[in-house]
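In what follows, a single structure is set out as structure tokens and then discussed.
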Amino acid sequence: MKAKNRRPAARLISQPSAPIIGFCPGAEFGPAKRWPHYHYAELAKQLIDEGFQIVLFGSAKDHEAGNEILAALTTEQQAWCRNLAGETQLEQAVILIAACKAVVSNDSGLMHVAAALDRPLVALYGPSSPDFTPPLSHKARVIRLISGYHKVRKGDAAEGYHQSLIDITPQRVLEELNDLLLEKTEQEEA
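According to numbering that gives the first Met the number 0, the stretch in the sequence shown is residues 0 to 189, in order.
Right, dumping it as structure tokens:
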């Protein structure tokens with residue numbers, strides 16, 4: 000990475016001293032492949048209470064999904080969450096994802112970036128299948144509640160979400176994330 004891009008990227012962080020959990024709430028084919036924004040918001044609240052800051056990554060098309068997450072947070076919590084979807088170049092996003100303590104992502108291109116950077120990763124799958132496009136990292140945990148491949152562009156639930164993603168609870172994701180963070184801490188101490 001070019002040094003000239005590291006400094007501007009670092010200025011995009013809200014709370015420089017707090018560890019970062021990255022969220023990648025977008026997906027190329029819209030809401031059918033997205034974990035609901037209200038689940039991301041609930042997870043963000045819990046992580047902020049634990050002392051983390053949240054950084055939302057994605058393209059300009061994902062900015063609205065990021066704003067929906069922010070809108071569900073209190074004003075105080077919003078100070079610990081930054082929506083960078085559509086506000087970074089890819090190289091800056093890579094630098095920032097590399098700085099994350101962990102990442103929670105839908106099945107998306109940025110999920111693969113997080114895996115390639117070997118970040119602890121919770122990857123959320125609904126109708127798409129990790130059998131075809133898994134995150135290639137031993138530090139990734141996949142959560143998927145259905146089997147097979149379902150070619151859908153729009154889910155049948157409210158706001159176009161796919162029911163299989165709605166059924167993944169924030170608590171389940173938090174448990175997987177905490178397990179990954181514990182493993183990371185144990186490896187660093189060994």
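From the three backbone atoms N, C-alpha and C, an ideal C-beta is built for every residue, glycine too.
Taking buried to mean at least 16 other C-beta atoms within 10 Å of its own C-beta, is residue i buried or exposed?
i, result
"residue 32", "buried"
"residue 179", "buried"
"residue 164", "buried"
"residue 61", "buried"
"residue 107", "buried"
"residue 191", "Residue coverage of the chain in this structure runs from 0 to 189, which leaves residue 191 outside it and unanswerable."
"residue 104", "buried"
"residue 78", "exposed"
"residue 109", "buried"
"residue 131", "exposed"
"residue 83", "buried"
"residue 95", "buried"
"residue 137", "exposed"
Using the three-state DSSP reduction, which class does residue i fall into: helix, strand or coil?
i, result
"residue 29", "helix"
"residue 120", "strand"
"residue 19", "strand"
"residue 53", "strand"
"residue 160", "coil"
"residue 169", "helix"
So, using beta-carbon positions, are residue i and residue j closer together than 7 Å?
i, j, result
"residue 51", "residue 92", "no"
"residue 101", "residue 119", "yes"
"residue 142", "residue 116", "no"
"residue 43", "residue 99", "no"
"residue 58", "residue 85", "yes"
"residue 45", "residue 173", "yes"
"residue 71", "residue 40", "yes"
"residue 53", "residue 22", "yes"
Please report the straight-line C-alpha distance between residue i and residue j, rounded to a whole angstrom.
i, j, result
"residue 69", "residue 75", "11 Å"
"residue 260", "residue 35", "The requested residue 260 does not occur in the structure, where the chain is confined to residues 0 to 189."
"residue 170", "residue 67", "20 Å"
"residue 73", "residue 97", "28 Å"
"residue 126", "residue 145", "8 Å"
"residue 90", "residue 112", "11 Å"
"residue 162", "residue 187", "38 Å"
"residue 65", "residue 185", "32 Å"
"residue 139", "residue 167", "16 Å"
"residue 159", "residue 37", "13 Å"
"residue 24", "residue 134", "16 Å"
"residue 177", "residue 49", "11 Å"
Under 7 Å, Cβ to Cβ, is there at least one residue of chain D near residue i?
i, result
"residue 31", "This model lacks chain D altogether, as it is built from one protein chain only."
#### Entry: Every unbroken beta strand (DSSP E) inside the stretch 58 to 145 [3 residues or more]
80 to 82, 101 to 105, 120 to 124 and 139 to 143
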